[in-house]
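Residue numbers (the numbering used here): 697 to 893. Okay, so here's the structure we're looking at.
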Amino acid sequence: MTPIPINVTFAATLVATETPRDVPATQWVAAGLMMLGVVLLGLVMTASIRSRIAKRQAATPSPRERLDAIKEAAARQESVHALESQMHETARHLAGQLDAKREWLEQLITQADERIARLDTLLAVEPPPPPAPAPASETNGPAPPPPASPPHDPLASAVYELADLGEDPVTIARRLDEQVGKVELILALRGSAAADR
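Shown next, in the form of structure tokens:
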């Protein structure tokens, strides 16, 4: 027997009509390989279809995932509304504080204006005339004695000398190892004694 070219139709009819003893071994191998190819082709197509379905399912979220996403969006929206409400409340509170401070400042300005008006009215009243000088006597008596000079104080002398050189009270106190207040008092007494003369 000569080998006959195998095609699909022949393999199907061969399997259905002939018994294994009548079919040569090469035909069985060819038919088996063909069946294996069909099975492999079916598996590849099934895998391809499954991968497409998986991609579609991955692209579209499941109802559970959609529900979770909606809940998260609602929670974010609620937190935004709560934050907005809190900001409005804070703004109202700050506006109230600013209004209270504005009213307080207006009261202070009104009080200051009233005090200025009172001072102006007091200054508008003519001050009393200065006392008249004592009449000069016909006889020139002795001149009044000069004021007594203050007792000699070495600290006061040193303070006066440094002040005359242009030093300020802080520097004088530092140089003489004295307190600043004491130096300022000595200088103030010197100024008042000079004004009395």
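In this text, a Cβ means the ideal position worked out from N, Cα and C, and glycines have one as well. Just so it is clear, the structure is predicted and the values come from calculations on it, not from any experiment.
Distance, residue j Cα to residue i Cα
i      : j      : result
VAL764 : ILE749 : One detail in the question is off: residue 764 reads as Asp in this sequence, not Val. C-alpha separation (whole angstroms): 23 Å.
GLU799 : THR817 : 27 Å
ALA869 : ALA808 : 41 Å
SER853 : ARG871 : 14 Å
ALA813 : HIS789 : 36 Å
ALA727 : VAL740 : 20 Å
ALA755 : ARG762 : 12 Å
ALA770 : ALA787 : 25 Å
GLU874 : LYS797 : 47 Å
ARG746 : ILE766 : 29 Å
PRO759 : GLU768 : 14 Å
THR867 : LEU851 : 14 Å
LEU779 : GLN793 : 21 Å
GLU857 : SER888 : 17 Å
LYS751 : SER744 : 11 Å
HIS784 : ALA791 : 10 Å
LEU819 : PRO865 : 37 Å
Within 8 Å, strictly: CB atoms of residue i and residue j
i      : j      : result
ALA859 : LEU885 : no
VAL879 : VAL855 : yes
Contact set for residue i: own chain, Cβ-Cβ below 6 Å, skip 5 residues either direction
i      : result
GLY862 : none
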